[in-house]
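Asks: Protein chains in written order, with the numbering used here: chain A, 1 to 198; chain B, 199 to 392.
Here it is, the structure, as structure tokens.
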């Protein structure tokens, strides 16, 4: 059960978003720009950075929903299963996952940001630059990781409810990938029968 | 030196200090960040602006972010009768500080959020509620703490510089108290275009 009384039937962050629209608006706008705005990093890569940070923070709702968004960005329905497997590999050990050398260096930076800003070293930055990362890409990686240290704490610090199993996140990820973060779903989704606090 | 090339402040001949560096580098993300902080720290609330700045300051101290704990500490003092000793006490030892029991319960929650969302327990929430904290106050405390876990990482993760002179933070705090967070960033961006 959430720590405060939230509107019912809204999973994860959408509960506190509905509770406090004044703070939801800039939080949604920030996610929209960072994950879907114009960028030399693909939305898939940015969602992977968000997913990895959320998994390091052990936030079930954020890592599963953003992992699903990344899987949808990476391909159509026939490729979904393979994309979900890739996301699981990245969360487990991104250094050995089949992703670009540049994305590995950005995930390394994101992982250090998750531990604390001062953990990011000049070597981490030099390694990313060597693989072609630009200043803006490094900036956005640091801010995506920092932003998910906020979203993850917001979701878990209020003990929001969320479905546990992956299937529930497939349509949610599709909405996040293709419709974005600014417009809330027109209809509140029905509470999932297996909804639990995670 | 910062990890990336940030804009130079004409009046300083070097980068803008702290979060102003990356905010002038990327105005597209500065806008929602400033809007969020304005609502949380300056918007209508049953918690005073000084109390909310104390929560931000304590979390930034826990994250060892010199710039954020200094500027938000100065903002707290500016709105709490210029009591800088109180701000220092709340950073390091709020349990013994001369603040309300309710604010202590909220600082306890904020400290747990800093460790990680799952560290907040039902007992932490019940203790705050027993002292009169509302759902909205608990919500805003959790979100302020979470936001500063973002801002602190943003500031230090990019290797920005922080002034050592407390006078600089007092001056800048006075401007934020008067004009708000968004206006101070917009003034910095405008100064680059003069």
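Virtual Cβ for every residue (Gly too), placed ideally from N, Cα, C.
1) Mark residue 105 of chain A as exposed unless 16 or more other C-beta atoms lie within 10 angstroms of its C-beta, in which case mark it buried.
2) Report the three-state DSSP secondary structure of residue 165 of chain A (helix, strand or coil).
3) Residues in its own chain within less than 6 Å of residue 63 of chain A by CB, not counting five upstream and five downstream?
4) Can you pull the chain B residues whose beta carbon is under 9 Å from the beta carbon of residue 13 of chain A, in chain order?
5) In three-state terms, what does DSSP make of residue 97 of chain A?
6) Have a look at residue 436 of chain B and residue 17 of chain A and give me their C-alpha separation to the nearest angstrom.
7) Residues of the region 199-212 of chain B in Cβ contact with chain A at a cutoff of 8 Å, in chain order, please.
8) Taking the straight line between their C-alpha atoms, what separation do you get for residue 86 of chain A and residue 359 of chain B?
9) Which word fits residue 42 of chain A, buried or exposed, when buried means at least 16 other C-beta atoms lie within 10 angstroms of its C-beta?
10) Check the Cβ of residue 361 of chain B against every Cβ in chain A and list those closer than 8 Å, keeping chain order.
11) Which of the three DSSP states, helix, strand or coil, is assigned to residue 206 of chain B?
12) Please classify residue 377 of chain B as buried or exposed, where buried requires at least 16 other C-beta atoms within 10 Å of its C-beta.
13) Where residue 196 of chain A and residue 317 of chain B are concerned, what is the direct C-alpha to C-alpha distance, given to the nearest angstrom?
14) Could you pull the DSSP bridge partners for residue 242 of chain B from this structure?
15) Nearest chain C C-beta to residue 217 of chain B closer than 8 Å, yes or no?
16) Measuring CA to CA, which of A:114, A:31, A:177 and A:127 is closest to residue 58 of chain A?
17) In whole angstroms, give me the CA-to-CA distance for residue 37 of chain A and residue 222 of chain B.
18) Taking Cβ-Cβ distances shorter than 8 Å, what residues in chain B pair up with residue 33 of chain A?
19) Rounded to a whole number of angstroms, what is the C-alpha to C-alpha distance between residue 33 of chain A and residue 296 of chain B?
20) Taking 8 Å as the threshold (beta carbon to beta carbon), is residue 223 of chain B in contact with chain A?
21) Please say whether residue 238 of chain B and residue 250 of chain B have beta carbons closer to each other than 8 Å?
22) Tell me whether the region 274-293 of chain B and the region 370-390 of chain B touch, counting them as touching only if at least three CB pairs, one residue from each stretch, are closer than 8 Å.
23) I want to verify the contact list: residues of chain B whose CB lies under 8 Å from the CB of residue 154 of chain A, in sequence order.
24) Got a sec? Which residues, its chain only, sit under 8 Å from residue 109 of chain A by beta carbon, not counting five neighbours each side?
25) For residue 325 of chain B and chain A, any beta-carbon pair shorter than 8 Å?
26) Hey, could you find the ends of the alpha helix (DSSP H) residue 382 of chain B is sitting in?
27) How many whole angstroms separate the CB atoms of residue 311 of chain B and residue 157 of chain A, which I take to be in contact at a CB cut-off of 8 Å?
28) Within the 8 Å Cβ cut-off, does residue 104 of chain A reach chain B?
29) Just the chain B side, please: which residues come within less than 9 Å of residue 5 of chain A by C-beta, in chain order?
30) How far does the alpha helix (DSSP H) with residue 181 of chain A in it extend, from its first residue to its last?
Replies: This is what the structure gives:
1) buried
2) coil
3) 51, 54 and 55
4) The premise fails here: residue 13 of chain A is roughly 11 Å from chain B at the closest Cβ pair, so nothing lies under 9 Å.
5) coil
6) In the structure as shown, chain B starts at 199 and stops at 392, and residue 436 of chain B therefore has no counterpart that could be examined.
7) Against chain A - using a Cβ distance shorter than 8 Å - the residues of the region 199-212 of chain B are 201, 202 and 203.
8) 38 Å
9) exposed
10) What residue 361 of chain B touches in chain A: nothing, since even the nearest Cβ is about 17 Å away.
11) Residue 206 of chain B falls in the strand class under three-state DSSP.
12) exposed
13) Here the model assigns residue 196 of chain A a pLDDT of 47, short of 50, so the residue's position is not dependable, and the following value carries that caveat. Put simply, the backbone Cα of residue 196 of chain A is about 18 Å away from that of residue 317 of chain B.
14) According to DSSP, residue 242 of chain B bridges with nothing at all.
15) The chain inventory of the structure shown lacks chain C, comprising the protein chains A and B.
16) A:114
17) 18 Å
18) 226, 227 and 230
19) Distance between residue 33 of chain A and residue 296 of chain B, taken at the CA atoms: about 42 Å.
20) yes
21) yes
22) yes
23) Identification of chain B residues near residue 154 of chain A by a Cβ-Cβ cut-off of 8 Å yields 315, 340, 341 and 344, ordered along the chain.
24) The beta carbon of residue 109 of chain A lies closer than 8 Å to those of 120, 124, 125, 128, 138, 141, 142 and 145 in the same chain, with the five residues before and after it left out.
25) no
26) 379-391
27) Contact between residue 311 of chain B and residue 157 of chain A holds: their C-beta atoms lie close to 5 Å from each other, under 8 Å.
28) no
29) 333
30) From DSSP, residue 181 of chain A is part of no alpha helix (DSSP H); its letter is neither H nor E.
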